[in-house]
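Protein chains in written order, with the UniProt record's numbering: chain A, 1 to 1122; chain B, 1 to 139.
We put the beta carbon where it would ideally sit given N, CA and C, even for glycine.
Take a look at the structure below.
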Amino acid sequence: MAGSQWELPPELCCRPMAFVALTGLDVVYNAVHRAIWDAFCANRRADRVPISFKVLPGDHEYPKCRTKRTSYEWYIPKGILKTSWMNKHLNLVPALVVLFYELDWDDPQWKEKQSECATKVEIVRTSLQGRNTKVAVVLIQKKTPLPPGEDLVASERASALCNACDLSGKSLFVLPHTDHLVGYIIRLENAFYEHAQTYYYTEIRRVKSHKEFLNKTTHQLLFVRHQFKIAFFSELKQDTQNTLYYTVYYKTAYSLVHELRAHETNMLEIKTMAGFINYKICRLCFQHNTPLDAIAQFRKHIDLCKKKIGSAELAFEHAAWMSKQFQSFGELFDEAIKLGLTAIQTQNPGFYYQQAACYSQDRKQLAQQLCYPSPDPLDTQSTGLDFYGQRPWRQGHQSIDPPDAEKEKTGILALQIKEKDVPHSELIIALLSNAVAQFKKYKCPRMKSHLMVQMGEEYYHAKDYTKAVKLLDYVMCDYRTERWWALLSAILSTALRCAYLMASVKDYIIYCMELQGRASTLKEEQKSRIEKNLMKVLLNEIPDPEPECDPSSVAAARLLWSDRMALVGSNEFTIEVQDYIPFIQCKAKFQSPSFHVDQPIQLQVLLKADCPHPVPFSKLAISLSNQEYNQWCVLESTGQDSMILSPGKTKCYNFNFVAKTEDVGKKIEVRGVFLMLGSDRGRCVFLSWRGAGGDAASTHEALQASRSSWRWVRGLEANQEPHWDSVSMQHSTMIISRVPKISVELNHQPPALCNEMYCLRLTVQSQEEGVAKDVRLTAGLKPGQDANLSQTTHVTLDGSVVCDDTAAALLPDIPLGDLKPGEKLEKCVYVKCVSTGLRVLLFHVAYSISTTVEGQHIICKCHKVNNVILWPVGFFFFFFGFFLFFQFEPLDRVAVDIPFLLMTDILSSSPWPLLLASSSLQLLTMTSNTKQPQSQLEQTVLQTGESASECFCLRCPPLTNSNNTVPTGQYLVSWRRQLSCSDAPLIHTTVTLPHVILESVPLYIYADLPSFGRVRESLPVRYHIENRTALVQEVEMAVEPSDAFMFSGLKQVRVRILPGSEQQMLYNYYPLMAGYQTLPQLSINLPRCSTTNAHSLRRFLPQRIFVKPQGRQLDDASIAAA
Amino acid sequence: MAVCIAVIAKENYPLYIRSVPTQNELKFHYTVHTSLDVVEEKISAVGKALGDQRELYLGLLYPTEDYKVYGYVTNSKVKFVIVVDSSNTSLRDNEIRSMFRKLHNSFTDVMCNPFHNPGDPIQSKAFDGIVSGMMVQTG
């Protein structure tokens, strides 16, 4: 019933639909009728015509129609709109009455039935006396009708029936009770709908016709009433073509309402009507998807009505009405959104709910001011109103002055008393939570918080402190993180009052703490009062009540507090202050980010109080990640005198302790700082900071402090105590091992060469004062590098032999024994790198030593690391070449079974001289032309950039398979550094020789000739020509003339050479000129074998020869004499 | 003329709030704070579309029953909010704009002060003067 007076009537809020009454249906006992009725009312979707059906008995009494007024001349209206009117036309007066009657065209008792039907129609007509309601008859038939025009009996009887019932042909329907019932019903429905529209149309005409009788002076109310009726009827008519018509009608009605003369007595009536019409307009605007029109209309409505407060004594009524206006608009808006409208952040239903809540708050305040408790409650049970918005004690009265002043007074008093019982807070909270839901949807977190604060305050007023605190707590942290201190302080003050009234000790302490803190915007004296209260609570006394608390609640609170006091136990509270801004700030710092294990660890805790008076505390404790150290970090007051924090002053507390040797390499963290306020005798409160202190605001403050260099300088000048903001927290420290006092040196000769046993000489010298015990060396490839490196790097301590692939990449923990002070130790480590590329070697010397820190005897482990970067280089470059035996001409392919030369070149790029101990060939298919090929490089020393060559004469035996590429073999070199000691192992390097391409020649030709000739001395040259084919070869040979030689022999010859045999040709050349001379060219032609040309044969032959000048015996002697 | 003028830091905490003393100061704090919802929304909407070239003046943020709240955001995301009485219909958009410009200029002067630490509440007589000039004169 709360606020029911202000609820909009349901008939206003529903969607008006044409009302059609169905009579003559027995839906209880007759199955056929039941089916028909179900077809009418079931499944009414939007695509069916908007009609509301009702089954009424045939003799139903419809509301009586009052006699029509012929003249309005002396008529004075009593009010605007009767409360019964809308309901009457929605549910009582039908637009059409349909009479259902079971009658077939070929019914044997046709005459009797016809007259019975006519009687029934007559009954209905009589009860509708004076109304324009249409009547229609539906004949329920068992047979399917024939197509129109074919059934002559039917048409004849139909017209007879129409005559008998006084119906037009259009009002008589036939409903065959067959399979297609729903289809027939829908057709019927549409026909009914047309009739209903006609009815409402005539109703509109009728109301409109009244207008001309009215005059502006006395009938103002009627103008509104008629306009409203027209609009309502046209809405009932549901004219789909002109949907905007009735909006226009309503708008006209709305402006007419505001033309009424308003005075105190009829203000409520005017506002009520204006509210109704406004509701209709807004609703229609939303329906027609013109939300902006709806909003504009609503704004206009509010602007017009805002100031129409009416009677000052009943001002709360206005507030209630305004609240309802906003609420119902918000609901309409919300409903439209559910149907698909999109709202935006700045225009959503939330604003309307919020405003509604706002007016409800006004209403509550006004009610509190205006409604005094009255000793004489008046019976206000009114039996209902005739007109909307009138006073029950003077209904229908329209004059400016109330008819009875006394009655008016008691009436107002009664309303005021009634208002007192209204649960305002409930209404307000409901509206606010509606608004909260909306603002959540439209991304307004701050608006949401604000509304929640209001809700919390409302709960506080409603004395539901638990809920209030819950809500306020929830939003407090938003305001805290956004740093709106003024708002936070206001919320905290409310929360503190709640906590006081509930006697919730922990909450009370928390709020007190924060209200005294630096973020609070309270005045100094308030802070001081709160601090005093807090001290009382700590002493287990009752705190003074908060100001602005209701005295009666204070009394109740006192009782609660004394109950709390009596309670033994539960007097210890731990408060996590991290998320608040408490009145004591704390920062803990290790003096250094790391400490050596042989140094004491220094931890400093800084505390600062922001409250107006000094705060005593009884204990300060720190929890560290290793609990064993906690015992060293406790500060407890001894006896009576407790430690005191002065307001605004920073206090420093230092703690020293020795780390355990097991913790080397670990971090020590401050897990929390605890400060105990109060004592065991009263209450004790532990303020607990997670980590190294700091609270919700300190991060920002530290940031600001770091930005401001100026302030820091000022802090230095003061120099007395550290400037709070510039102190940074150091919440963890690393314990690192003691600094080793030994030297580790490495001697080696970079670069390392691939495959060699690279020697690194390690020298460890102790500079310790005591004995370094258990010295251990870890040497090898530093872990964490490329995985391939560990496969290609091998470390060993034995340098006498070349290590194989099984040697490890890292040798861990090689014991080196103890080292006395000043003693020196050497060790050689050999590294073999199979591949080139950078790698880091690690040399890690660890030992333990005992030492004393702050009187404690500890054994420290020390270690020293030396890293070496190796970049092994490939230092040999091999070149191979194949050459013709005589001519040293490079060959790209090797002829089968013809000797050729293999040349090897070794180029050294090593910065160190290298000793080549030996070299050898390991041949595969090839055979050596010489018996036992001897290494030509034995014991050769190669300097940087020098190269060593070898030459081997090889021959490729004829191969059976057709492969024309064959592997040659491998070349093996044994070497070491020249400077390394002689017992250093030799290193063997193997290189695979390139493959050769084979070719077979049909004819092989070679020449026997001396290595040089002499001018004018005979030079015999024998050419051997071998036939390598299985055929007889015919060879044409000719020697071409040459300037440098005379010759004797066959100049041109044609010979036949049998397969496998050889032909020799002997020439005697006679050189004429000294120096390199081109031999006379031997041109060879194979007429039978055209594939081999002369040129390919000619390359086997020497082209030139060196001719020495003629010897001069005399000259030689003279030269010798000289 | 304004009934409340506020400067809000980039991180949305107040740097400066002044309201006419006759009315509930706390209410204005709430009004300004809630208006930040709209400011944030507008900034993020514009940020996506135009990048740097945006209008600093955000216009009417939202109308309440009693007040109109206008917003302005500098390039460094410092927000200015001016609250005007709804009944004060004489104020045009242009005048609001010029108020914001004046406020921005004065704010820039404050920032130029080497002794001012950006992010700290504004304590400047000159700024106070400018704000007072824009407030509704009471009494």
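DSSP places A/Y580 outside both helix and strand once states are collapsed to three, so it counts as coil. Interface criterion met: the Cβ of A/V453 is under 9 angstroms from a Cβ in chain B.
Note that the region 295 to 303 of chain A does not touch the region 399 to 412 of chain A; fewer than 3 beta-carbon pairs, one per stretch, sit closer than 8 angstroms. Listed along chain B are T34 and D37, each with a C-beta nearer than 8 angstroms to that of A/M447.
Residue pairing from DSSP leaves A/N215 without any beta-bridge partner. With fewer than 16 other beta carbons inside 10 angstroms of its own, A/W871 counts as exposed. Fewer than three beta-carbon pairs drawn from the region 392 to 400 of chain A and the region 314 to 329 of chain A are found closer than 8 angstroms, and the two stretches are therefore not classed as touching. Leaving aside the five residues that flank A/A1044 on each side, the residues in its chain whose CB is nearer than 6 angstroms to its CB run, in chain order, L1072, M1073 and Q1077. Rounded to the nearest angstrom, the gap between the Cα atoms of A/E61 and A/K448 is 55 angstroms. Between A/Q730 and A/A846, the CB-CB gap reaches or exceeds 9 angstroms. In the three-state scheme derived from DSSP, where H, G and I count as helix and E and B as strand, A/R1104 is classed as strand.
Here A/L972 really is in contact with A/S920; their C-beta atoms are around 5 angstroms apart, less than 8 angstroms. Among the residues facing chain B, A/L781 is not included, as its CB has no counterpart in that chain under 9 angstroms away.
In this chain, the alpha helix (DSSP H) harbouring A/L496 covers W485 to M502. At a cut-off of 9 angstroms, the C-beta of B/G71 has no neighbouring C-beta in chain A. Around the Cβ of A/G183, a 10 Å sphere holds fewer than 16 other Cβ atoms; the residue is exposed. Cβ contact annotation for A/Y459 (same chain, cutoff 6 angstroms, sequence separation greater than five): K467 and A468, in chain order. A residue is called buried when at least 16 other Cβ atoms come within 10 angstroms of its Cβ; A/K527 meets this threshold and is buried. The beta-bridge partner set that DSSP reports for B/D85 consists of B/Y67. Beta-bridge partners assigned by DSSP to A/T989: A/V973. Of all residues in the region 119 to 134 of chain B, the ones placed with a Cβ closer than 9 angstroms to any Cβ belonging to chain A are G119 and D120, in chain order.
In this structure, the alpha-carbon of A/L645 lies about 57 angstroms from that of A/D334. A straight line joining the alpha-carbon of A/P614 with that of A/G694 spans about 20 angstroms.
Fewer than three pairs of CB atoms, one per stretch, sit closer than 8 angstroms, so the region 212 to 230 of chain A makes no contact with the region 150 to 167 of chain A.
Apart from the 5 residues on each side of it in sequence, A/S1018 sits with its Cβ closer than 8 angstroms to the Cβ of N1068, Y1069 and Y1070 in its chain, given in chain order.
Taking 9 angstroms as the cut-off, the beta carbon of A/L753 is found closer than this to the beta carbon of A/R977. For A/G456, the secondary structure class from DSSP, reduced to helix, strand or coil, is helix.
A/W484 belongs to the set of residues whose beta carbon lies under 9 angstroms from a beta carbon in chain B.
A/L1050 is positioned such that its CB atom lies closer than 9 angstroms to that of A/M1065.
Sequence-distant Cβ neighbours of B/S19 in its own chain, meaning closer than 7 angstroms and more than five residues away, are V3, C4, E25 and F28. If one requires a minimum length of 3 residues, the beta strand (DSSP E) runs lying completely within the region 21 to 74 of chain A are 51 to 56, in chain order. Between A/E546 and A/L496, the C-beta gap is smaller than 9 angstroms, which places the two residues in contact. Annotation for A/D818: V771 and K773 place their beta carbon closer than 6 angstroms to its own, counting only its chain and skipping 5 residues before and after.
Between A/L538 and A/R683, the CB-CB gap stays under 9 angstroms. Taking 9 angstroms as the threshold, the shortest C-beta distance from A/R707 to chain B falls below it. By alpha-carbon distance to A/M502, the top candidate from A/F329, A/S552, A/A557 and A/K470 is A/A557.
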